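Below is one structure; the comments refer to it alone.
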Amino acid sequence: MKANIVLLPGDGIGPEIVLQGQRVLDAIATKFNHQFTYQSCLIGGIAIDQTGDPLPQPTIDACLASDAVLLGAVGGPKWDDPSAKTRPEVGLLKIRKELGLFANLRPIQTFPELVGASPLRREIIEGTDILFFRELTGGIYFGPSGRETIDGVEHAMATMVYSVPEVERVVRLAAEAARGRDGRLTSVDKANVLEPSRLWRQVAERVVREEFPDVKYDVVLVDAMAMHLISRPKDFDVVVTSNMFGDILTDEASMLPGSLGMLPSASIGADGPGLYEPIHGSAPDIAGKGIANPLATILACAMLLRHSLKLEDEAAAIEAAVRKVLAAGHRTPDIAAGEASIGTEAMGDEVLKVLA
Ligand SMILES: NC(=O)c1ccc[n+]([C@@H]2O[C@H](COP(=O)([O-])OP(=O)(O)OC[C@H]3O[C@@H](n4cnc5c(N)ncnc54)[C@H](O)[C@@H]3O)[C@@H](O)[C@H]2O)c1
Ligand SMILES: CC(C)[C@H](C(=O)O)[C@@H](O)C(=O)O
Ligand SMILES: [Mg+2]
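Going by UniProt numbering, the first residue of the sequence shown is number 1, and it counts up by one from there.
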């Protein structure tokens, strides 16, 4: 098959990990006889530096014309000035919106080969397999926001807004996914306090009752979920939640496998190209040192092949290769737990050796 993949390396460790992802995609193309072509485009801080815009129009056009997008990360201290006119993160939010990527799938799996990397007890984490659906183009990230001086006092606001269709579509996708898995769906909200969460709960309950009566459904408040997630993670199958709650809970969930560097994600919409990225950021503390874990990005490439290109065998080959590399004891520092470690490129090399 021929596929046109846009690469958005971005900032910090972004270029280092996207390079490893591209090498793995190339190995898959050779092994399975596909033709992947790549176009690298600007996003984030590097785009601000070069064009003044965190998401230049040529990047949007290239993404819209592509089969799939692979993103590294955006942001970093260089662009952190709170009074700056624009921020790298604006580019990421905008590309999600431009591509209509309303659902962000974040699988949280523990790897039997890696249980030592987690700070949590083996009996709690072993066998965890959760699929988060994070709503991605609505909620507090996209509601009315701004600053205003009232009676000489500066105020800032960001508003959480959800509409019925926005909740319906992401809950439907999550419930469908639950059907193909263990048949359980948990919706996470803050309906005891927030009006958009009350709407979310009503709509989610109705959609599941009317359209997915076979799915076992429950609701959990987000504060309690933060605790349940790391005390009884095996009790969860598919979880659906709003934009900000999903962002926070999945970073927390990275302590189940043991590192943010292990968690990939797929952002998808009703149609058009999907966007694939690790859930972590640009990791300024380790950028340029060649020690970032590329496995989240490599696993995001597997999701790209599965969801956008419908290449299931190829996706499974990457996932199997990652497990094999972990089973052989190869570790970047974030998952080394005191053992010897290797760098970003060497980890990419190990995955390539298995795929060769
Ligand atoms: N999708 C994105 O582009 C994205 C996501 C999150 C944060 N960010 C941005 O990244 C910047 C830094 O944010 P932060 O420091 O809060 O979060 P971060 O995810 O970049 O880093 C948090 C911690 O995890 C470690 N880490 C992250 N990825 C790793 C990897 N692959 N291998 C090894 N260790 C890894 C980092 O070294 C750091 O100690 C900010 O500007 C933020 O806005 C971007
Ligand atoms: C950088 C930021 C805009 C982004 C988000 O909050 O969505 C990040 O934390 C993520 O998880 O992809
Ligand atoms: Mg995040």
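Don't be surprised by glycine CBs; every beta carbon is placed ideally from N, CA and C.
These numbers come from a predicted model, not from an experiment.
Ligand 3 heavy atom lying under 6 Å from the CB of residue i
i	result
D247	yes
Bounding residues of the alpha helix (DSSP H) (the contiguous stretch that carries residue i)
i	result
V188	Note, V188: premise wrong, no alpha helix (DSSP H); beta strand (DSSP E) at 184 to 189.
A328	Note, A328: premise wrong, no alpha helix (DSSP H); not H, not E.
I124	122 to 125
I95	88 to 98
S197	195 to 211
G348	344 to 355
Near ligand 2: residue i beta-carbon under 6 Å from a heavy atom
i	result
E252	no
L295	no
L92	yes
Check: residue i C-beta below 6 Å from any heavy atom of ligand 1
i	result
E89	yes
H330	no
H34	no
S83	no
S267	no
D334	yes
L136	no
D285	yes
G290	no
V322	no
V115	no
A73	yes
S282	yes
L260	yes
G274	no
G76	yes
Residue interval of the beta strand (DSSP E) (run including residue i)
i	result
M157	153 to 158
V6	2 to 10
D129	129 to 135
A178	Per DSSP, A178 belongs to no beta strand (DSSP E); it is in the alpha helix (DSSP H), 164 to 179.
G146	145 to 150
N192	It is not in any beta strand (DSSP E) - N192 carries neither H nor E in the DSSP assignment.
A336	Segment: none, A336 is in no beta strand (DSSP E) and carries neither H nor E.
A103	103 to 109
Proximity to residue i [Cα-Cα], best of the options
i	options	result
Y141	V161, S40, L105	V161
E176	A191, P213, W200	P213
A178	M227, P107, E166, T137	P107
V203	R23, V170, K31	V170
V115	G258, N243, L7	G258
A266	P284, F102, E113	F102
Q20	G290, V188, A253, H155	G290
P88	A65, G180, L42, V207	L42
S40	L305, S231, D61, S187	D61
G44	Q50, Q35, P54	P54
E314	N33, Y217, E166	N33
D235	L131, M303, L70	L131
R198	G180, P294, V167	V167
I46	V24, G10, P15, Y38	G10
I230	A29, E126, A296, H155	E126
Extract the residue ranges of the beta strand (DSSP E) inside the region 29 to 86, only unbroken runs of 3 or more that lie entirely within it. 35 to 40, 68 to 73
Run through the region 219 to 299 for me and flag every whole alpha helix (DSSP H) of 4 or more residues, listed as ranges in chain order. 222 to 231, 243 to 253
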